[in-house]
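Just below is one structure, and these are the notes that go with it.
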Amino acid sequence: MIVTLPMPDEVSRASMLERHLGSLGLPLDYGAVARVLDGATGADVKEVVRRAVLEHGESFTQD
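In terms of numbering that gives the first Met the number 0, the sequence shown opens at residue 0 and continues consecutively.
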């Protein structure tokens, strides 16, 4: 059996970003980032979040 999932729309991508980054309290426009990620899969969004946290994680957590 093959299961085909639709590509996430802008609202879905923004929701994914907020779910993964919301607890950091960043002043981030999730909708704007979601628009930049047009055509991205859920896995792509997760990878963008992972890389952002790895590369800039310390600056996210500093006061």
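Where a beta carbon is used, it is the ideal one built from N, C-alpha and C, also for glycine.
Distance, Cα to Cα, residue i vs residue j?
| i | j | result |
| --- | --- | --- |
| E17 | L25 | 10 Å |
| R34 | T3 | 23 Å |
| R12 | S22 | 17 Å |
| M15 | K45 | 8 Å |
| L27 | T40 | 20 Å |
Thinking C-alpha only, which one of the options is nearest residue i?
| i | options | result |
| --- | --- | --- |
| D43 | I1, M0, H19, V2 | H19 |
Are the beta-carbon atoms of residue i and residue j separated by less than 8 Å?
| i | j | result |
| --- | --- | --- |
| E9 | G30 | yes |
| V47 | L36 | yes |
Which word fits residue i, buried or exposed, when buried means at least 16 other C-beta atoms lie within 10 angstroms of its C-beta?
| i | result |
| --- | --- |
| P5 | exposed |
What is the DSSP secondary structure of residue i, counted as helix, strand or coil?
| i | result |
| --- | --- |
| V2 | coil |
| A31 | helix |
| D37 | coil |
| D43 | helix |
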